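Peer 1:
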Amino acid sequence: MALWGGRFSAEPSSVVAALSRSVEFDWRLAPYDIKVNLAHLDGLIASGVIAAGNGEVIRAGLKALGTEILAGKFTYNDSDEDVHSAIERGLIAKIGAIGGALRAGRSRNDLVVADFKLYLVDHLLEIASLTTDLISVFNDQSEKLAKVVAPGFTHLQHAQPIVFGHELAKHSQALLRDVDRIGDWLVRNNFSPLGAGALAGSALQPNPEKSAELLGFDGVLANSIDAVSDRDFAAEALFVMAMLGVHLSRIGEEFTLWSTWEFDWVTIDDAYSTGSSIMPQKKNPDIAELARGKSGRLIGNLTGLLATLKGLPFAYNRDLQEDKEPIFDSVETLIVLLPALIGMVETAKFHEKVISSGAQAEFALATEIADYLAKKAVPFAQAHEAAGECVRLCEKSGIELHELSDEQLLKIHPELAPDLRDSLTTSGAVASRTSLLGTSTSSVLAQISDLKDATKEAKSWISNEVARFSGMMKP
Ligand code: ARG
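Position 390 of the sequence shown, counting from 1, maps to 430 under the working numbering, and the rest follow consecutively.
#1: Taking the alpha carbon of H124 as the reference point, which residue from K499, D155 and G145 has its own alpha carbon closest?
#2: Determine the DSSP secondary structure at T343, reduced to helix, strand or coil.
#3: Counting pairs of Cβ atoms below 8 angstroms between the segment 238-249 and the segment 199-208, do you hit three or more?
#4: Is the Cβ-Cβ distance between I327 and M384 less than 8 angstroms?
#5: Hey, would you say the C-beta of L360 is under 7 angstroms away from at least one heavy atom of the ligand ARG?
#6: Report the option in G256, H206 and L208 whose CA atom is closest to the CA atom of L226.
#7: Between L84 and A137, is the Cβ-Cβ spacing less than 8 angstroms?
#8: Taking the alpha-carbon positions, what's the G45 to F231 distance?
#9: Determine the contact status of L449 and L460, defining contact as a CB-CB distance below 8 angstroms.
#10: Tell me whether L142 is buried or exposed, calling it buried when 16 or more other Cβ atoms sit within 10 Å of its Cβ.
#11: I need the DSSP call for G192, collapsed to helix, strand or coil.
#12: CB-CB under 8 angstroms to R508, same chain, minus the five flanking residues each way: which ones, in chain order?
#13: Looking at the structure shown, is N247 part of a helix, part of a strand, or coil, going by DSSP?
#14: If we count Cβ pairs, one from each stretch, closer than 8 angstroms, do we get three or more for the segment 349-357 versus the segment 259-271?
#15: In terms of DSSP beta bridges, what is N324 paired with?
#16: Can you give the Cα-Cα distance for N229 and A423, rounded to whole angstroms?
#17: Rounded to a whole number of angstroms, what is the C-alpha to C-alpha distance between A133 and A104?
#18: Once you ignore the five residues that flank E402 on each side, which residues in its own chain have a CB closer than 6 angstroms to its CB?
#19: Apart from the five residues just before and just after L160, which ones in its own chain have a Cβ nearer than 6 angstroms to its Cβ?
#20: Taking 7 angstroms as the cut-off, is the beta-carbon of N230 closer than that to any non-hydrogen atom of the ligand ARG?
#21: Pull up the distance between the alpha-carbon of F295 and that of S397, whole angstroms please.
#22: Is it right to say W301 is buried, meaning 16 or more other beta carbons lie within 10 angstroms of its own, or is it exposed?
#23: Can you give the Cα-Cα distance for R217 and S289, rounded to whole angstroms?
#24: Leaving out five residues before and five after A426 in sequence, what residues of the same chain have Cβ atoms less than 8 angstroms from its Cβ?
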């Protein structure tokens, strides 16, 4: 049954119903719709629109319906347009026509935004929590590998030696920003649209602050037109999820590359690998590849919604119904992907010897020669030139930098003394970079200790928020 039949002389044609129906996907909002209805009911009782006795009948009906929804005993049927219509139908079936009183003082326009925001709060917190679990496994792996010297790359070419823990800890840094963004999202978006009605506010619902408080919102939006037309919160959530997806994709790319025979830097555990239907020997890094692949849809969901919003006149337009599927898809994608990646990273075995063996290759210590000269007050441009000449000579004679003779060094630059060779070790090069953000083991261990503190702090604010919201009005 549509919620708007009275003005029409005929039922909508079946093709219209098929086009406009959203209940197959927006049913995910059902538990939140019950909560919002309960909060709204309190407002209507307080303002005297619903008499206290009737109010208690409606409250009991809504609660019973909420329990049935959670148990899968009540669901939508073919006649329902959206989740809101299905719940009104269920309520009226349960308690009679009085169930229809609840529609006073609100519209689906403010109702749907309230439901959707509560859904997002719940699910973004779940994603934040899973992300902190992924950060924790990266912190642990980084710590284990904080002494392992490795080649560092730029342009995917050997550049300078680093420690491998530093390489892994960079993922914790990026993922922590993703968690932070979820915190920022809450600060900016956790405001209630309820009371906006269709667009103008409602004379029957004079105390929106109260329903906002009951639902765990941090306040009420200030403008009823903005309240029903704004979907910044959805676009922003999609950006936060797309950015996280891009980080997971880059992690996936690294593990895919590192697990090749050519690299042989990591063995992905059998439990987190897959096989081939034709080649019996194959072990494929499908989780890493899916992490890379799924970023595509996360980005697509963001750009799709932005395209829907662009040029929309303000206040509610039916186009806005298109906000939900991208959000549900991004949320559900991440909730499946993150646990798989956590397991993959946690169980990955890194091949320390292989990783270290290439640290010096491709003249990765050439920068040490330039730095050595710079420390002797040689202008860096000249120092760079001289170090380049050393590389050229080595390449020509098929030797390594430390194998250049004293005479050869002196000929290239008078300041290149034999003690230069002390600087030409990967461990020395790494150990010298002791400043904040540097790659020495001591800097990296300090970084990991800070990361662990930050992860703990993140886990604690997330669980506080989860507790705060789950303490709110229950269906
Ligand atoms: N299913 C609709 C949506 O998601 C609910 C709001 C309908 N409002 C309306 N004026 N038709 O946007």
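The beta-carbon is built from N, C-alpha and C at its ideal position, and this holds for glycine as well.
As the structure is a computational prediction, the values presented were derived from the model and not from experiment.
Peer 2: According to the structure shown:
#1: Ranking the options by Cα distance to H124, first place goes to D155.
#2: Helix.
#3: At 8 angstroms Cβ cutoff, the stretches do not touch.
#4: Note that the C-beta distance between I327 and M384 is below 8 angstroms.
#5: Yes; taking the cut-off as 7 angstroms, the Cβ of L360 has a heavy atom of the ligand ARG nearer than that.
#6: The alpha carbon of L226 has as its nearest neighbour, out of G256, H206 and L208, the alpha carbon of G256.
#7: Not in contact: L84 and A137 (Cβ atoms no closer than 8 angstroms).
#8: Distance between the alpha carbons of G45 and F231 is about 32 angstroms.
#9: It is a contact, given that the beta carbons lie within the stated cut-off.
#10: Counting of Cβ neighbours within 10 angstroms places L142 among the buried residues, the total reaching 16 or more.
#11: In this structure, G192 counts as strand in the three-state DSSP scheme.
#12: So the list reads G256, once near-sequence residues are dropped.
#13: N247 falls in the coil class under three-state DSSP.
#14: Taking a cut-off of 8 angstroms on C-beta distances, the segment 349-357 touches the segment 259-271, as three or more cross pairs fall below it.
#15: Paired residue(s): T314.
#16: Distance between the alpha carbons of N229 and A423: 54 angstroms.
#17: Using only the alpha carbons, I get a separation of about 12 angstroms.
#18: If the five residues before and after E402 are omitted, its C-beta is found closer than 6 angstroms to the C-beta atoms of H198, all from its own chain and listed in chain order.
#19: The beta carbon of L160 sits closer than 6 angstroms to the beta carbons of A277 from its chain, once the five residues preceding and following it are set aside; these are given in chain order.
#20: Taking non-hydrogen atoms of the ligand ARG into account, the C-beta of N230 is found less than 7 angstroms away from none of them.
#21: The straight-line gap from Cα to Cα measures roughly 19 angstroms.
#22: Result: exposed.
#23: The alpha-carbon atoms of R217 and S289 are separated by roughly 16 angstroms.
#24: Excluding its 5 nearest sequence neighbours in each direction, A426 has C-beta neighbours in its own chain below 8 angstroms: I409, A410, L413, V418, I452, H453 and L456, listed in chain order.
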